[in-house]
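All remarks here apply to the structure that follows.
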Amino acid sequence: MKKKILFVIPSLAAGGGEKSLVNLISQIDYDLYEVDLLLFSRKGVFLNAVPEEVNILEMPHIHRIFVSKLKTSLKNFLINRQIALAYSRFMFTLMNRVIKNTTLSEQYAWKYQKRSFDTLEKEYDAAIGFLEKSSIYFVVDKVISKKKIGWIHTNYSDSGMDSHFDQPYFKQLDQLVTVSEECAKSLQDNFEPLKNKIKVIYNIVSPKIIKHQSNRELDSNFTYDMNVTNIITVARLSSEKGIDLAINACGKLVEQGYKVKWYVLGDGSERENLEKLIKNCGLKEHFILVGVKENPYPYIKGADIYVQPSRYEGKSIAIDEAKILHKPIVVTNYDTAKDQITNGVNGLIVEMTEQGIAGGIETCINDTSLRESFISSLSIEKLGTEEEINKLYEIFK
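Here the sequence shown stands for residues 68 to 464, where the numbers follow the working numbering.
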């Protein structure tokens, strides 16, 4: 008899956690497991990548009303005399507007958001909140399951999350999974009494699939200029990804006479601010926000250098993918960088400043032998992690 498994995540928008989930459920043995997927919002660039065996659950009608525009939502609840829901919807909006830190607002607003969900009728053998915050809270508050698992994709200490809020939720989990040893250490530092629940499962990446998809054609309106150094970054356009640092680093390279074009694949809340910064720096011809690409691999393959300018990361899937495609890599020195890059061996770890980033890129451009040594190291490094699925199966037992 198949075990019943539930994964919960807000959406399948472009992001490392979302891609990690799609990669993981693509490796599951569907002869052994029956898998449901609950999305708070049924949208995102990775939606088409969900295996056909996965059953995507429909959101309840009340939640769909709850997440509609405030005026529409309040009117609907008040007409139907659902005063408690109207109050919760108003408070949910207020919390998100008053608390400027989006990480904290998602935590504190959960007490109002959760009232738009009923407890799921179906019972599961295992339920996984696959992203920090609301995904985990939903599994704890709204799911009946023999085992409950929370998945943390970031370095908790750098995330801005309130550990006092998370503590009672994490205590109710059977397992707390994270994506690297550094992330596990961070969780142990913040939740020392729960250290026996913490388990590392690396993000699943498949070299075979990535290399195959990298051979596809680029979009017809996109071409690399072979007369310049083409740099690429795959990242959400948000503060923690350090795209503003990248823009300023690009400016320094251009000032020094380097012919570069820097492309960023991704989207996010900071797009407008970043576009203004690009314009103000006079870099419209040199720094291009490409947007989201469902298949980023031909873009990574065609570039000369991959750069991750992040302020913090959990374990970057994009870096693993760039490694598989044997790109010279420059990353900033966030805490978990050393989990993926050995400085001077398979890439460069640089200071988290525009000067540091520009200097690392300059080294890669000028030192051909160093660049070739990175490519050589990556070509013999074991990079596939498909077997990590077995660690999850162990939890399911």
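Glycine is no exception: its CB is placed at the ideal position from the N, C-alpha and C atoms.
Cβ-Cβ separation, residue j to residue i (assumed contact under 8 Å), whole Å
i           : j           : result
residue 419 : residue 403 : Not really, about 13 Å apart at Cβ, beyond 8 Å.
residue 340 : residue 280 : The pair is not a contact, with the Cβ atoms about 32 Å apart (cut-off 8 Å).
residue 378 : residue 356 : Actually they are not in contact, since the Cβ atoms of residue 378 and residue 356 sit about 18 Å apart, beyond 8 Å.
residue 76  : residue 187 : With a Cβ gap of about 15 Å, residue 76 and residue 187 do not count as contacting.
residue 333 : residue 370 : Not a contact, Cβ separation roughly 14 Å.
residue 327 : residue 296 : 5 Å
residue 432 : residue 376 : The Cβ separation is near 16 Å, so there is no contact.
residue 156 : residue 133 : 6 Å
residue 430 : residue 450 : Wrong, their Cβ atoms sit about 23 Å apart, outside the cutoff.
residue 241 : residue 214 : 5 Å
Nearest residue (CA-CA) to residue i, options the options
i           : options            : result
residue 447 : 435, 411, 390      : 390
residue 123 : 135, 326, 102, 136 : 102
residue 318 : 424, 233, 384      : 424
residue 190 : 210, 197, 171, 337 : 210
residue 112 : 387, 360, 234, 179 : 360
residue 253 : 221, 239, 232      : 221
residue 200 : 172, 194, 192      : 172
residue 459 : 249, 255, 271      : 271
residue 158 : 179, 150, 140      : 179
residue 105 : 195, 455, 142      : 195
residue 238 : 208, 227, 414, 249 : 208
residue 250 : 445, 383, 285, 395 : 383
residue 324 : 300, 182, 401, 353 : 353
residue 320 : 298, 308, 306      : 298
residue 304 : 108, 330, 162, 110 : 330
residue 259 : 274, 247, 230      : 230
residue 245 : 380, 288, 219      : 219
residue 286 : 128, 358, 127      : 358
Reduced DSSP category for residue i - H, G, I as helix; E, B as strand; rest coil
i           : result
residue 169 : helix
residue 273 : coil
residue 430 : helix
residue 380 : coil
residue 369 : helix
residue 181 : helix
residue 197 : coil
residue 221 : coil
residue 315 : helix
residue 206 : helix
residue 123 : strand
residue 72  : strand
residue 212 : strand
residue 445 : helix
residue 423 : helix
residue 190 : strand
residue 337 : coil
residue 321 : helix
residue 435 : helix
residue 291 : coil
residue 113 : coil
residue 300 : strand
residue 98  : coil
residue 347 : helix
residue 460 : helix
residue 354 : strand
residue 452 : coil
residue 386 : helix
residue 375 : strand
residue 139 : helix
residue 92  : helix
residue 242 : strand
Local Cβ density within 10 Å of residue i, reported as buried at 16 or more and exposed below that
i           : result
residue 411 : exposed
residue 268 : buried
residue 145 : exposed
residue 277 : buried
residue 336 : exposed
residue 263 : exposed
residue 385 : buried
residue 283 : exposed
residue 395 : buried
residue 422 : exposed
residue 393 : buried
residue 388 : buried
residue 162 : buried
residue 322 : exposed
residue 137 : exposed
residue 98  : exposed
residue 380 : buried
heavy atom of the ligand SAH below 7 Å from residue i C-beta
i           : result
residue 291 : Summarising the ligand content, the structure contains no ligands, and the ligand SAH is consequently not present.
Are the stretch 333 to 348 and the stretch 86 to 100 in contact at 8 Å, needing three or more beta carbon pairs? no
Is the number of C-beta pairs between the stretch 424 to 437 and the stretch 166 to 180 that are closer than 8 Å three or more? no
Contact between the stretch 115 to 134 and the stretch 223 to 236: three or more CB pairs below 8 Å? no
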